[in-house]
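Residue numbers (this note's numbering), protein chains in the order written: chain A, 27 to 329; chain B, 27 to 329.
Rendered as structure tokens:
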């Protein structure tokens, strides 16, 4: 089960009643946060989520609306007695930016580890899931992220029996462990069927449309995408500032065909993002204009 | 008329429904902000105040809950097309801290000027008002601030006539201007009576009680003071972290006798600051437990 919470839907600056765009992903006791703008820690508290077990923070880019909440969040994590390391993933320069901001958040009780993405894309493996970073097209280096949760194949008792694997090893093999016994080595692939469809959430903000985003959003159970402007006359502004029109986002959706799509990162001038939805659904039907605090629980498909 | 707005009442970390402590003072077209924590710019917007005309930001100290909102606030000020210089007043090291935070807020359309307070106290004169900084007793260098609005003496027509000052100069002299005419120099003090009582707001957070705070709050029309803890068993914690008990704040009020007193900077664990007020008013009757967004308009006394 992958628990997704879109903490805010604002772009550029926080507003009364609209937090800045940030995403919390929770899977198997791990918490992964994407971006932390001014007020993100308050949005987290509003949802009743503890900041202590945040394990990974992915940063899309170094504009203030995506990182200005880091010092306060770090201090609140320390205050919540986090002592395990925090892994931060982000563009080149991450350590320097975070350490500059830490001028007002020194002396934390946990270590911060940095993973700077150097190329156009990178996949980082964790126990049971992968985080894919892929470069997008903004005014400064910026990455989108996918989180893919893996699902092992089904245990095949017939195969286990046929290979004379003792019953007592079935359970560890099913969990993915390798077993040595009487000079023999039993590996999970000897008893598991093909990997089954896992879960995937793809997240993209602050970019012009690109084919790489389409590729990233393919097979996604949920695709969360910037929809900065709704009015057609904002297109030149979107181009100039390297942001995305809602219609452009919908067209990415139509090409990639994720199961569901949420728009976010609205311009502060946009009061009612939902007013565009009817028209956008002509382009891609599973599109929704998200609101602050939307939650979705993704489960593996039934066999 | 001096317009006072306490933007938030929280200490340590912002909470849902409680912004961090910060004060906005507006007088004669000037806006002075004291402290800018995470979310302060949202609190300002909630009150319908524009960030463009913020002229001066006073910083008490460099703990995150008092400065973490600066980068976002700067960007919003730039976005609101502020081009006039911003003066920042704060402890030694101010420029270094602010410039570190500006790693995520480069390229602003206005200049930032720094005034670092070097000694235990300093008074800075502006047109029509004075800002007094005075050192308090916290775990890091920290200052309290008073804003004093001056009021000229009454115009004395008898004296002006007796000195044969032509009628056409009465108005500029009344406004405080010096006039030269036919080799003579007329100065305001020749026609104005003694200065009259002005207005004074005193602000103190993040400190143990000190005699200097009592002195600062004397004659204040409004004294805004930290009241971090209410329960008596928090006294050792208050001592250790250099914060103030509500009763200690009330005792300062009783000694200084400001016209009105507001408590602020409540511990995140304190849910209902108002529960202590009845008891505290036994110590100092004009004390109130402020809430986010409290406003007070101070006017000169009637003659």
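Each residue gets a CB set at the ideal place from its N, CA and C atoms; glycine is no exception.
Those residues which DSSP pairs with residue i across a bridge
i	result
residue 206 of chain B	B:211
residue 141 of chain B	B:115
residue 34 of chain A	A:48
residue 155 of chain A	A:152, A:175
residue 163 of chain A	A:234
residue 170 of chain B	B:160
residue 315 of chain A	A:289
residue 56 of chain A	A:53
Proximity of residue i and residue j at Cβ, strictly below 9 Å
i	j	result
residue 51 of chain B	residue 66 of chain B	no
residue 53 of chain A	residue 155 of chain A	yes
residue 115 of chain A	residue 171 of chain A	yes
residue 293 of chain B	residue 37 of chain B	yes
residue 285 of chain B	residue 248 of chain B	yes
residue 10 of chain A	residue 218 of chain A	Because chain A is modelled from 27 through 329, residue 10 of chain A falls outside the range shown and cannot be assessed.
residue 90 of chain A	residue 318 of chain A	no
residue 127 of chain A	residue 126 of chain B	yes
residue 270 of chain B	residue 252 of chain B	yes
residue 204 of chain B	residue 291 of chain B	no
residue 238 of chain B	residue 166 of chain B	no
residue 49 of chain B	residue 33 of chain B	yes
residue 289 of chain B	residue 264 of chain B	no
Residue environment, residue i, which counts as buried when at least 16 other CB atoms sit within 10 Å
i	result
residue 100 of chain A	buried
residue 129 of chain A	buried
residue 187 of chain A	exposed
residue 295 of chain B	exposed
residue 149 of chain B	exposed
residue 326 of chain A	exposed
residue 110 of chain A	exposed
residue 262 of chain B	exposed
residue 299 of chain B	buried
residue 44 of chain A	buried
residue 173 of chain B	buried
residue 207 of chain A	exposed
residue 297 of chain A	exposed
residue 13 of chain A	Shown here, chain A extends from 27 to 329; a query on residue 13 of chain A therefore has no answer.
residue 124 of chain A	buried
Cα-Cα separation, residue i to residue j
i	j	result
residue 81 of chain A	residue 236 of chain A	30 Å
residue 31 of chain A	residue 122 of chain A	29 Å
residue 131 of chain A	residue 97 of chain A	5 Å
residue 191 of chain B	residue 212 of chain B	8 Å
residue 267 of chain B	residue 233 of chain A	45 Å
residue 244 of chain B	residue 225 of chain B	12 Å
residue 40 of chain B	residue 95 of chain A	11 Å
residue 107 of chain A	residue 138 of chain A	14 Å
residue 153 of chain B	residue 146 of chain B	24 Å
residue 189 of chain A	residue 143 of chain A	44 Å
residue 255 of chain A	residue 328 of chain A	38 Å
residue 13 of chain B	residue 133 of chain A	Because chain B is modelled from 27 through 329, residue 13 of chain B falls outside the range shown and cannot be assessed.
residue 323 of chain B	residue 305 of chain B	27 Å
residue 74 of chain B	residue 180 of chain A	59 Å
residue 102 of chain A	residue 135 of chain A	11 Å
residue 272 of chain A	residue 223 of chain A	30 Å
residue 10 of chain B	residue 151 of chain B	It is not possible to answer for residue 10 of chain B, since the shown part of chain B is limited to 27 through 329.
residue 6 of chain B	residue 79 of chain B	Here chain B has residues from 27 to 329 only, and residue 6 of chain B is not among them.
residue 277 of chain A	residue 182 of chain A	42 Å
residue 242 of chain A	residue 250 of chain A	11 Å
residue 56 of chain A	residue 168 of chain B	39 Å
residue 35 of chain B	residue 287 of chain A	39 Å
residue 283 of chain B	residue 303 of chain A	59 Å
residue 42 of chain B	residue 193 of chain A	54 Å
Residue from the options with nearest C-alpha to residue i
i	options	result
residue 240 of chain A	A:226, A:210, A:280, A:224	A:280
residue 175 of chain A	A:42, A:167, A:227	A:227
residue 140 of chain A	A:158, A:117, A:113	A:113
residue 308 of chain A	A:222, A:275, A:265, A:320	A:275
residue 105 of chain A	A:76, A:56, A:320	A:76
residue 86 of chain B	B:102, B:158, B:27, B:133	B:158
residue 184 of chain B	B:216, B:254, B:167, B:265	B:216
residue 93 of chain A	A:208, A:201, A:166, A:61	A:61
residue 198 of chain B	B:55, B:214, B:223	B:214
residue 201 of chain B	B:320, B:316, B:221	B:221
residue 59 of chain A	A:320, A:84, A:72	A:84
residue 320 of chain B	B:42, B:56, B:303, B:72	B:72
beta-carbon residue i near the ligand COA non-hydrogen atom, thresh 8 Å
i	result
residue 284 of chain A	In terms of ligand content, the structure shown is empty, and the ligand COA therefore cannot be addressed.
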